[in-house]
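K.L.:
Quick one: the structure is below, questions incoming.
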Ligand code: DQA
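In our numbering, the protein residues as written are 2 to 144.
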């Protein structure tokens, strides 16, 4: 069975409360429950991790190198400037899929840039919680 890791980055613990026009009113616990149900439907063994700290996300990516077959990563604001997270993704050989709840390209210009996109296998954004589910579909289909 493929093992996949879903990482929620900074401020994503407050989804449901935080800026509902961008991120919806559903809380992270409910989104996580849907992620786990969908992973099971796809025959994936799924772990979910959330941190507001850059180093903790990097440590988890390093751990994923040997413990998981793929990663779904919403790096939050780190997406736009963390070269350290980019380097961690580049250092591990498993596919990492960049996801965002919101359509970052329809928002402020600073959100249009992703420093992690070039080292990710692909990206999915703008579908709310479904971005995570589609990313799981992609990982399940990848060899
Ligand atoms: C986000 C988009 C980022 O620009 C923002 O900083 C977030 C959430 C999203 O899921 O839409 O924290 O990653």
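The beta carbon of each residue, even a glycine, is placed where N, CA and C say it ideally should be. Bear in mind the structure is a predicted one, so any value in this text is a computation, not a measurement.
(1) Can the beta-carbon of residue 90 be found closer than 7 angstroms to that of residue 97?
(2) Three or more C-beta pairs under 8 angstroms: does that hold for the stretch 47-56 against the stretch 5-17?
(3) Report the CB separation of residue 70 from residue 3 in whole angstroms; it is logged as a contact under 8 angstroms.
(4) Between the C-alpha atoms of residue 22 and residue 7, what's the straight-line distance to the nearest angstrom?
(5) Using the beta-carbon count (16 or more within 10 Å), is residue 44 buried or exposed?
(6) I need the DSSP call for residue 27, collapsed to helix, strand or coil.
(7) Do you know how far the Cα of residue 136 is from the Cα of residue 118?
(8) Below 7 angstroms between beta carbons: does that hold for residue 132 and residue 125?
P.N.:
Looking at the coordinates:
(1) Taking the first residue of the chain shown as position 1, residue 90 is located at position 89. Taking the first residue of the chain shown as position 1, residue 97 is located at position 96. Cβ distance < 7 angstroms, so residue 90 and residue 97 count as in contact.
(2) With the cut-off at 8 angstroms, the stretch 47-56 and the stretch 5-17 touch.
(3) As a working note, residue 70 is residue 69 in the chain shown. As a working note, residue 3 is residue 2 in the chain shown. Correct: roughly 5 angstroms between the Cβ atoms.
(4) As a first step, residue 22 is located in the chain shown; it is residue number 21 there, counting from the start. As a first step, residue 7 is located in the chain shown; it is residue number 6 there, counting from the start. Note on geometry: alpha-carbon atoms of residue 22 and residue 7 lie some 23 angstroms from one another.
(5) In the chain shown, counting from the first residue as 1, residue 44 sits at position 43. Classification for residue 44: exposed.
(6) By one-based count along the chain shown, residue 27 stands at place 26. If DSSP states are grouped into helix, strand and coil, residue 27 belongs with coil.
(7) Against the chain shown, residue 118 aligns to sequence position 117. Against the chain shown, residue 136 aligns to sequence position 135. When only Cα atoms are considered, residue 118 and residue 136 end up about 14 angstroms apart.
(8) What you label residue 132 is simply residue 131 of the chain shown in a count that begins at 1. What you label residue 125 is simply residue 124 of the chain shown in a count that begins at 1. The Cβ atoms of residue 132 and residue 125 sit closer than 7 angstroms to each other.
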